[in-house]
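Report on the structure given below.
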Amino acid sequence: MSKDLVTYYGQTDRIDQLVGKYGAYLEQLTRETKLLFRITLSTYVLMQQEYKPSEYPISAALEDALCELVIPDSIPQDLYDICSQLEGLTVDEAETILEALQHQIRWGNARKNS
Numbered sequence: 020m021s022k023d024l025v026t027y028y029g030q031t032d033r034i035d036q037l038v039g040k041y042g043a044y045l046e047q048l049t050r051e052t053k054l055l056f057r058i059t060l061s062t063y064v065l066m067q068q069e070y071k072p073s074e075y076p077i078s079a080a081l082e083d084a085l086c087e088l089v090i091p092d093s094i095p096q097d098l099y100d101i102c103s104q105l106e107g108l109t110v111d112e113a114e115t116i117l118e119a120l121q122h123q124i125r126w127g128n129a130r131k132n133s
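Residues 20 to 133 (this note's numbering) make up the sequence shown, in order.
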């Protein structure tokens, strides 16, 4: 198994679509986009303790998590596109992607060059 795989387990049709568009290692996304995506997914997972995906979609997590943190005009278009594609995301799917992003950011194709 490669160290950069998007998921170690939990592959779903929704995740397959993400991989189909952005690459097996999400290599078409920049490090910055992956960091922002990780913040968005973490917010989404946290809010799913109180709401259902239909009540609090991932697009709401994107707005809530990032619009206060960064200038809305500087959020990469790819991230808006990803959130649109992932509407209805389950917590398990979000956690699976979070694990992959964490690995890529720390050890894989999105690690910071020293």
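Cβ coordinates follow ideal geometry from the N, Cα and C atoms, glycine included. The structure presented is a predicted model; accordingly, all values stated were derived computationally and were not measured.
Top-ranked residue by Cα proximity to residue i, from the options
| i | options | result |
| --- | --- | --- |
| Glu114 | Thr52, Arg130, Thr62 and Arg50 | Thr62 |
| Asp83 | Leu105, Leu60, Gln36 and Glu46 | Leu60 |
| Tyr41 | Leu108, Gln104 and Leu85 | Gln104 |
| Ser78 | Tyr99, Ile58 and Glu87 | Tyr99 |
| Ile116 | Arg57, Asp32, Glu46 and Gly39 | Arg57 |
| Glu106 | Leu85, Asp35 and Tyr75 | Tyr75 |
| Val110 | Cys86, Ala80 and Pro72 | Pro72 |
Cβ-based burial, residue i [other Cβ within 10 Å; buried from 16]
| i | result |
| --- | --- |
| Gly127 | buried |
| Glu112 | buried |
| Met20 | Caution applies to Met20, whose pLDDT of 40 falls short of 50 and renders its modelled position unreliable; the model cannot decide the point. |
| Arg130 | exposed |
| Leu45 | buried |
| Lys53 | buried |
| Ala43 | exposed |
Integer-rounded CB distance, given that residue j should sit under 8 Å from residue i
| i | j | result |
| --- | --- | --- |
| Leu55 | Pro95 | 7 Å |
| Arg50 | Ile124 | 7 Å |
| Asp92 | Leu48 | In fact, because the Cβ distance is near 19 Å, the residues do not count as touching under 8 Å. |
| Leu108 | Arg33 | 7 Å |
N-terminal and C-terminal residue of the alpha helix (DSSP H) that residue i is part of
| i | result |
| --- | --- |
| Lys40 | Asp32 to Tyr41 |
| Glu118 | Val110 to Arg125 |
| Gln96 | Gln96 to Gln104 |
| Asp83 | Ile77 to Leu85 |
| Leu48 | Per DSSP, Leu48 belongs to no alpha helix (DSSP H) and is neither H nor E. |
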